[in-house]
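In what follows, a single structure is set out as structure tokens and then discussed.
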Amino acid sequence: MPELPEVETIVRGLNQAIIGRKIKSIDILVDKLFIGNKNSVINSKIIEVKRLGKTILIYFENNYLLHIHLKMTGQLIFVNKNQQFKIKNLKLKIPPTIKIVGGGHPDKKYDQPLPHKYTHIIIKFTDESTLFYNDLRKFGWMKILDSRIKNLESRFGIDALSEKLNSNYLSSKLSKRNITTKQALLDQSIISGIGNIYSDEILFCARILPDKKVGKLKPSEINNIVNFIPIVLNKSIDLGGTSRSDYLKIDGSRGNYLKYAYVYGRENEKCRVCNTKIKRIKIGQRSSHFCTNCQK
DNA sequence: CAGACTGTTTCGCA
DNA sequence: CTGCGAAACAGTCT
5 MPELPEVETI VRGLNQAIIG RKIKSIDILV DKLFIGNKNS VINSKIIEVK
55 RLGKTILIYF ENNYLLHIHL KMTGQLIFVN KNQQFKIKNL KLKIPPTIKI
105 VGGGHPDKKY DQPLPHKYTH IIIKFTDEST LFYNDLRKFG WMKILDSRIK
155 NLESRFGIDA LSEKLNSNYL SSKLSKRNIT TKQALLDQSI ISGIGNIYSD
205 EILFCARILP DKKVGKLKPS EINNIVNFIP IVLNKSIDLG GTSRSDYLKI
255 DGSRGNYLKY AYVYGRENEK CRVCNTKIKR IKIGQRSSHF CTNCQK
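See below:
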């Protein structure tokens, strides 16, 4: 799925696109991807879109909300009435001049008129604009929640860009854990929002090997992690996020972070700092990239 | 052709 | 509670 910077980009796009709109209908083509009663949000005005970790929260005036997780391959595409008409009449590619809002995991397979084979949920607004939910692997979901229930945020770890994420918090969460630093960064109940790409990037900046056990981290190293998390994530948000394949920004252009990645996806290439060959190993079933010279 | 791998998380089990 | 491996699924890569 998109990680925090990509989800943040999508949320900003949705804030531009769907605030004030009302949903006329929701077509659920794959039942298991939609949890709850869709009628709760029909005809209520959308007042806010927020990000929680890697998930999206769409708040409605009637106190219900739509909670969305894109997981690996989920995608939200917003299409205006006229744009929808144009796209439906195109046989092949969506040209970059047609503005789409959203994104998540564009791919050649997705690059065709909507709805298509991987469209599983279609949200139609009263003004005839449409939000399509596409998901190749069907891991993602949408859930109806009552926003008056308070325990929502507590079920997640502290958001990676939260002010509350400091060294004391992280130390307390890591104490007595026998896991690697990489696994700790990926654990959404400790910090929410970091995925495989940015965990490698953050650890490179903090100069810590990904397989170092958290019990061996010095206080200064925990500080480094805490300091570099927002630096790396904000840099990626500024670059429009990234993707192994071809993540799209809201105007249809690509996110640029991967071009600047220090280690992710750069196995056998030279470290940008010291020219040592970047290594890749598996940690907890996830591939991890690092520089053996820069990281200790 | 088979098997491994992919941006994730959750579940069951030891 | 902790940590590990598998599962949810579909496509690409080796």
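Add 4 to the 1-based position in the first sequence for this note's numbering, that's all there is to it. Ideal Cβ placement from N, Cα and C applies to all residues, glycine included.
Cross-strand partners of residue i (DSSP beta bridge)
{"i": "Arg184", "result": "Checking the sequence, you will find Thr at residue 184 rather than Arg. According to DSSP, which records beta bridges pairwise, Thr184 is partnered with Lys217."}
{"i": "Ser196", "result": "Asp163"}
{"i": "Arg284", "result": "His293"}
{"i": "Thr134", "result": "Val83, Lys128"}
{"i": "Gly78", "result": "Asp139"}
{"i": "Asp31", "result": "Ile126"}
{"i": "Thr59", "result": "Leu56, His73"}
{"i": "Tyr68", "result": "Asp150"}
Cβ neighbour criterion (16 or more within 10 Å) applied to residue i
{"i": "Ile287", "result": "buried"}
{"i": "Gln289", "result": "exposed"}
{"i": "Asn47", "result": "exposed"}
{"i": "Val15", "result": "buried"}
{"i": "Asp242", "result": "exposed"}
{"i": "Leu237", "result": "buried"}
{"i": "Glu167", "result": "exposed"}
{"i": "Glu132", "result": "exposed"}
{"i": "Ile194", "result": "buried"}
{"i": "Gln187", "result": "buried"}
{"i": "Val277", "result": "exposed"}
{"i": "Arg159", "result": "exposed"}
{"i": "Tyr114", "result": "buried"}
{"i": "Glu12", "result": "buried"}
Contact belief for residue i with residue j at Cβ below 8 Å, rounded distance in angstroms
{"i": "Val83", "j": "Phe38", "result": "Incorrect: roughly 20 Å between the Cβ atoms, too far for contact."}
{"i": "Ser240", "j": "Pro9", "result": "4 Å"}
{"i": "Asn272", "j": "Ile282", "result": "7 Å"}
{"i": "Thr184", "j": "Asp215", "result": "5 Å"}
{"i": "Gly1", "j": "Glu7", "result": "Only positions 5 to 300 of the chain appear in the structure, and residue 1 is not among them; the question remains open."}
{"i": "Tyr68", "j": "Ile51", "result": "That pair is no contact at about 11 Å."}
{"i": "Ile22", "j": "Val53", "result": "7 Å"}
Proximity test, residue i beta-carbon vs the ligand MN heavy atom, cut-off 6 Å
{"i": "Lys85", "result": "Questions concerning the ligand MN fall outside what the structure shown contains, since it holds no ligand whatsoever."}
Residue i versus the options, residue with shortest Cα-Cα distance
{"i": "Leu70", "options": "Leu33, Lys121, Leu18, Asn86", "result": "Leu18"}
{"i": "Lys85", "options": "Leu118, Arg55, Ile125", "result": "Leu118"}
{"i": "Ile127", "options": "Glu7, Gln20, Asn227, Val45", "result": "Val45"}
{"i": "Phe129", "options": "Glu52, Leu221, Lys28", "result": "Lys28"}
{"i": "Ile125", "options": "Arg211, Phe160, Lys36, Ile198", "result": "Lys36"}
{"i": "Pro234", "options": "Asn170, Ala164, Leu140", "result": "Ala164"}
{"i": "His73", "options": "Asp242, Ile60, Val53", "result": "Ile60"}
{"i": "Leu156", "options": "Leu80, Asn260, Asp31, Leu56", "result": "Leu56"}
{"i": "Leu169", "options": "Ile153, Lys220, Asn231", "result": "Asn231"}
{"i": "Glu225", "options": "Ser193, Lys121, Gln299", "result": "Gln299"}
{"i": "Gln79", "options": "Gly144, Phe64, Asn200", "result": "Gly144"}
{"i": "Lys217", "options": "Ser179, Ser133, Ile32", "result": "Ser179"}
{"i": "Ala210", "options": "Ser193, Val267, His120", "result": "Val267"}
{"i": "Ile148", "options": "Lys274, Arg159, Asn41", "result": "Asn41"}
{"i": "Thr123", "options": "Ser158, Lys142, Ser133", "result": "Lys142"}
{"i": "Lys121", "options": "Leu33, Pro223, Gly24, Lys186", "result": "Leu33"}
{"i": "Asn228", "options": "Gly197, Leu189, Gly24", "result": "Leu189"}
{"i": "Glu65", "options": "Ser151, Lys75, Ser196", "result": "Ser151"}
{"i": "Lys75", "options": "Leu140, Asn43, Gly259, Thr13", "result": "Leu140"}
{"i": "Ile206", "options": "Ile81, Lys263, Phe294", "result": "Phe294"}
For residue i, three-class secondary structure by DSSP
{"i": "Phe160", "result": "coil"}
{"i": "Asp139", "result": "strand"}
{"i": "Ile153", "result": "coil"}
{"i": "Thr246", "result": "coil"}
{"i": "Ser179", "result": "coil"}
{"i": "Lys90", "result": "For Lys90, the pLDDT reaches just 39, beneath the cut-off of 50, and the residue's location in the model is therefore unreliable, although a value from the coordinates is still provided. Helix at Lys90."}
{"i": "Tyr266", "result": "coil"}
{"i": "Ile22", "result": "coil"}
{"i": "Ile51", "result": "strand"}
{"i": "Ile212", "result": "coil"}
{"i": "Lys42", "result": "helix"}
{"i": "Lys222", "result": "coil"}
{"i": "Lys113", "result": "helix"}
{"i": "Lys274", "result": "strand"}
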